[in-house]
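*Asks:* Please read through the structure below; I'll follow up with questions.
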Amino acid sequence: MKEFAGKVAGITGAADGIGKAFALDAAKRGMKLALIDIEGDKLEGVKAECEKLGSPKVVAITVDVSEYEQVRMSVARIMAEFGQIDLFFSNAGVGGAGTLVNIPPQDWDWITSVNFLSMAYYVTEVLPIMVRQGTDAHFMFTVSIGGLQPGMRIQSAYTASKHAAMSLAESVRDYAENFAPFIGVTAFCPMYVNTEIWDSERCRPARFQKPYDPFYATADFQDYKKNFEKRIKTEGYNPRFVGPRLFRAIEDNQLYVHPHLHTHQIIRERFARIDADLRKDEELEAEFKHLYGYDD
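Under the numbering used here, read the sequence shown as residues 1 to 296, first letter to last.
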């Protein structure tokens, strides 16, 4: 996809951070925009900014993306307003805190629902539309470094959800290459970007809340949150790079976009460990091969 003026982009998590940064750049390119977020008041401000920057039409849609029926409604609204979807950026996401053995079930549910299931819901609704249109289109996912690095003992629900998101992006890419080659796919995998993800609690829906769970009073939760906020604010890239970098990725149909070069070694080391264990299985093949089948 290389032409953007007049095309329609849907963006989740558009009220701030990465989603907002992308929306502003899309507006400069003359795209029509459907801005989607759970924070409706903030979304209206982004809508006004996008209109000033040149977007011919902007619609703000308040949605809890962790609920499938709301996702379905938002896609129906986009089609009612614009009649097409050319670019969809599934970006909404939340953070997490705590060590693996302490993370409570409601946090697993919340983080997984926003960071992975919402993306699956939008694929379910949007991908068939793009296929039917038969014109150049692009599906983009904010996966984060969490989808490429090894799982960790801390923030484990977050990294697990992002590994699932990466698999989903790769699945869409595989589908597109085989059945709809006019659809491009990008998985955006940054490390720290200076956004409000450190304050994800403000967006936690009531059904995922258990405020009296003792976990939230522990140092495991509180200290990690403080450290996460500090790192985001002091080490995070300026979100202004997001639009220019991702539009280049769309033009190139680049699948994996990981701009934090200083963390590339972490990923290469993961691949090296996988390769080492592959070689181990190859070495042991002769020893165990006779057990794989069934005796007559």
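Heads up, the beta-carbon is just placed ideally off N, CA and C, and yes, glycines get one too.
Predicted, not measured: the structure shown is a model, and the values here were computed from it.
Using the rule of at least 16 other Cβ atoms within 10 Å of the residue's Cβ for burial, across every protein chain shown, is MET152 buried or exposed?
*Replies:* Result: exposed.
*Asks:* Could you round the C-beta distance between VAL58 and GLU67 to whole angstroms and report it? I think they count as a contact, below 8 angstroms.
*Replies:* No, VAL58 and GLU67 are not in contact; Cβ-Cβ is about 23 angstroms, not under 8 angstroms.
*Asks:* Given this structure, state the Cα-to-Cα distance separating ILE11 from LYS289, to the nearest angstrom.
*Replies:* Looking at the two C-alpha atoms, the distance is approximately 50 angstroms.
*Asks:* Could you say which of ALA27, ILE111, GLY17 lies nearest to LYS339 if we only look at CA atoms?
*Replies:* With the chain running from 1 to 296 in the structure shown, residue 339 is simply not present.
*Asks:* Does the Cβ of LEU278 have 16 or more other Cβ atoms within 10 Å, making it buried, or fewer, making it exposed?
*Replies:* With fewer than 16 Cβ atoms within 10 Å of its Cβ, LEU278 is classed as exposed.
*Asks:* Just the Cα atoms here: how many angstroms apart are PHE82 and LEU35?
*Replies:* Using only the alpha carbons, I get a separation of about 13 angstroms.
*Asks:* Among HIS264, SER55, ALA120, ALA14, whose alpha-carbon lies nearest the alpha-carbon of VAL71?
*Replies:* Nearest of HIS264, SER55, ALA120, ALA14 to VAL71, Cα basis: ALA120.
*Asks:* Which two residues bound the contiguous beta strand (DSSP E) that contains PHE141?
*Replies:* Unbroken beta strand (DSSP E) run through PHE141: 137-142.
*Asks:* Give the secondary structure of ILE61 by DSSP, where H, G and I count as helix, E and B as strand, and everything else as coil.
*Replies:* Note: ILE61 maps to strand in three-state DSSP.
*Asks:* Considering only residues of the same chain and omitting the five flanking positions on each side of GLY30, which have a CB-CB separation below 8 angstroms?
*Replies:* Hits under 8 angstroms: PHE4, ALA5, GLY6, GLY54, SER55, PRO56.
*Asks:* Per DSSP, what are the beta-bridge partners of ASP37 in this structure?
*Replies:* Bridge partners of ASP37: THR62.
*Asks:* Under 8 angstroms, with one C-beta from each stretch per pair, do the stretch 208-218 and the stretch 241-260 reach the 3-pair mark?
*Replies:* Cβ pair count under 8 angstroms is below three, so no.
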